[in-house]
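Asks:
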Amino acid sequence: GAGVSQSPSNKVTEKGKDVELRCDPISGHTALYWYRQRLGQGLEFLIYFQGNSAPDKSGLPSDRFSAERTGESVSTLTIQRTQQEDSAVYLCASSDRGSNYGYTFGSGTRLTVV
Amino acid sequence: RKEVEQDPGPFNVPEGATVAFNCTYSNSASQSFFWYRQDCRKEPKLLMSVYSSGNEDGRFTAQLNRASQYISLLIRDSKLSDSATYLCAVALYSSASKIIFGSGTRLSIRP
Numbered sequence: 003g004a005g006v007s008q009s010p011s012n013k014v015t016e017k018g019k020d021v022e023l024r025c026d027p028i029s030g031h032t033a034l035y036w037y038r039q040r041l042g043q044g045l046e047f048l049i050y051f052q053g054n055s056a057p058d059k060s061g062l063p064s065d066r067f068s069a070e071r072t073g074e075s076v077s078t079l080t081i082q083r084t085q086q087e088d089s090a091v092y093l094c095a096s097s098d099r100g101s102n103y104g105y106t107f108g109s110g111t112r113l114t115v116v
Numbered sequence: 034r035k036e037v038e039q040d041p042g043p044f045n046v047p048e049g050a051t052v053a054f055n056c057t058y059s060n061s062a063s064q065s066f067f068w069y070r071q072d073c074r075k076e077p078k079l080l081m082s083v084y085s086s087g088n089e090d091g092r093f094t095a096q097l098n099r100a101s102q103y104i105s106l107l108i109r110d111s112k113l114s115d116s117a118t119y120l121c122a123v124a125l126y127s128s129a130s131k132i133i134f135g136s137g138t139r140l141s142i143r144p
C-alpha cells in the first residue's frame, strides 16, 4: 500500500483481556517502530525491528507487552492482561533508510481498556 | 532529565505573526534531528529535518546548535492552518536506531 496501515483503528477491551494490534509497513521498508502516545502526552518508544529481529526492545513497559515481525513485513504488538493504564494510541512507523531521514507513521490504533 | 525537552505551550499568536520554538536534547552524541507536526487526533507527520548549517522550507526555518544542544523552529507569517502540536525529535545514531520525541509544543493561531 501507499502508507503504513494499522488495524484496528479503534479497540475497546475489558481489563484483563489480551489484545493484538497489527501494523503493515510501507512495502520494502526494512525498519519498523512501535510507539505509544497517552492522551495529551508525547510519543513513548516501545520497540524497533530491523528486518524480523528486534535490536531494541528497551521501551516495552512490562512483560505483558510483546511484538513480533514476520516476512520483514507485518508486525503484531500483543498486550496481555490489559490494564487501564494501557489505554493510549499505539503508533507504528516504518523507514527504508534508518532514522536519519525520519519515519512515516500509520494513523494508529486507539486502545481503550475499560 | 528527559532526553528531549520542549516547552509545552500553548503558544497563542495572531495570524501573520512570527513564532519560534526551542527544544533541548541531553545526549551530545545525537546525530539526526527533526521537527514533526501533529494535528489533533492524528499521527505525527515529518515537517522537516534539521541540518547543522540550518535549513529553510518556505515559511519554516530550522536551526541546530550542537554546542548548546538545542534545535529551533521558526515559523514566519503564520497561518491559521499552522495550528497544531510541533514535536521535536532526535536520533542517537546515524541509522538503525530509534527516534526520541519531545512532548510537543502546542501552537494556536488566532484570526
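Protein chains in written order, with this note's numbering: chain H, 3 to 116; chain A, 34 to 144. For every residue, glycine included, the Cβ atom is placed at its ideal position computed from N, Cα and C.
1. Can you tell which of A:S82, A:S65, A:K75 has the C-alpha that lies nearest to the C-alpha of L106 of chain A?
2. For the beta strand (DSSP E) containing Q43 of chain H, list its first residue and its last residue.
3. Quick one: which chain H residues come within Cβ less than 9 Å of L120 of chain A?
4. Which class does Y105 of chain H belong to by DSSP, given the choice of helix, strand or coil?
5. Would a check of beta-carbon distances place S109 of chain H closer than 8 Å to chain A?
6. Helix or strand or just coil, what does DSSP make of E70 of chain H?
7. Could you tell me the distance, in whole angstroms, from the CA atom of G104 of chain H to the CA atom of E16 of chain H?
8. For T32 of chain H, which option in H:D98, H:F47, H:R38, H:L113 has the closest C-alpha, if you only look at C-alpha atoms?
9. Just grab the DSSP bridge partners of A124 of chain A for me.
10. Since Y105 of chain H meets chain A, which of its residues come closer than 8 Å, beta carbon to beta carbon?
11. Which residues, in chain order, does the region 31-61 of chain H contribute to contact with chain A at a C-beta distance below 8 Å?
12. Answer with yes or no whether the minimum CB distance from L93 of chain H to chain A is below 8 Å.
13. Measure the alpha-carbon distance for S63 of chain A versus L125 of chain A and round it to whole angstroms.
14. Can the beta-carbon of A117 of chain A be found closer than 8 Å to that of R70 of chain A?
15. In the DSSP output, which residue or residues are listed as bridge partners for E16 of chain H?
16. Please list the terminal residues of the continuous beta strand (DSSP E) segment that includes D72 of chain A.
17. In chain H, which residues lie with their C-beta within 8 Å of the C-beta of F67 of chain A?
Replies: Put simply:
1. A:S82
2. Unbroken run through Q43 of chain H: none, as it is neither H nor E.
3. G44, L45
4. coil
5. yes
6. strand
7. 35 Å
8. H:D98
9. A:S65, A:I132
10. L79, I132
11. A33, Y35, Y37, Q43, G44, L45, F47, Y50, Q52, P57, D58, G61
12. yes
13. 4 Å
14. yes
15. DSSP lists no partner for E16 of chain H.
16. Note, D72 of chain A: premise wrong, no beta strand (DSSP E); not H, not E.
17. G104
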